[in-house]
Amino acid sequence: MTTNEYNLIVEQYANRVFRYIVKTIRDRERAHDLVQDSFEKLWINSRDISFSKAKSYLFSIAHNTMVDMIRKENRQVVTEMERMPETSHSKHYSDLKEILDEAVNKLPEMQRSVVLLRDYEGYSYEEIGEICNLNESQVKVYIYRARVFLKNYIGQMERVI
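Shown next as structure tokens:
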């Protein structure tokens with residue numbers, strides 16, 4: 014990859030990588046650091062990477078760097094999927110985004126990552142598999158389980174709206 018191609022990758026994907034990381038770890042300062050580390054690793058390996066594979070490689074680096082940081086800090090949150098009480102939200106509460114963000118934050122790390130990549134960033138199952146080092150079937154299973162959890166957490170729409 015040339016310097017111009019690298020700069021194009023930075024312009025096109027810096028914000029997307031940042032959004033993905035900050036939604037996953039919920040810490041803007043650490044997200045900035047992780048994005049910087051990811052682009053540094055991309056630059057170091059830029060001679061070995063073709064421009065067509067740079068996007069996938071960048072997100073893989075960002076994902077793996079983020080996971081390494083979480084493991085180092087022993088801050089992995091393991092949440093068992095359990096049925097939430099049906100009366101968890103007020104009948105008159107209407108801030109669906111806040112409820113959805115809260116529900117996404119309760120997902121286990123891998124489920125949260127694949128859901129964010131699929132539903133927020135719009136990646137295909139194959140691309141998510143490359144980024145997270147999973148096969149396509151595993152990606153589908155994680156997304157299904159995450160969506161079931163979110164559905165149970167949020168409950169019926171009448172209770173939210």
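Using this note's numbering, read the sequence shown as starting at 14 and increasing by one per residue. Glycine residues also receive a C-beta, built at the ideal position from the N, C-alpha and C atoms. Keep in mind the model is a prediction, meaning the values are calculated, not measured.
- First and last residue of the uninterrupted alpha helix (DSSP H) at Tyr133: That residue, Tyr133, is in no alpha helix (DSSP H); it is neither H nor E in DSSP.
- Own chain residues within Cβ distance below 6 Å of Ser59, not counting five before or after: Met14, Tyr19
- Query: At which residues does the alpha helix (DSSP H) containing Phe64 begin and terminate?
  - Reply: Element bounds for Phe64: n/a, residue is neither H nor E.
- Query: Can the beta-carbon of Leu129 be found closer than 7 Å to that of Lys36?
  - Reply: yes
- Put Leu113 into one of helix, strand or coil per three-state DSSP. helix
- Task: Reducing DSSP to helix, strand and coil, say where Ser137 ends up.
- Result: coil
- Message: Looking only at its chain, what residues have a beta carbon closer than 7 Å to the beta carbon of Ile233, apart from the 5 residues adjacent to it on each side?
- Response: Outside the modelled stretch of the chain, which goes from 14 to 174, sits residue 233, for which no answer is possible.
- Message: Quick check on DSSP: helix, strand or coil for Thr15?
- Response: coil
- Message: I'd like to check one pair, Glu149 with Glu134: are the Cβ atoms closer than 7 Å?
- Response: no
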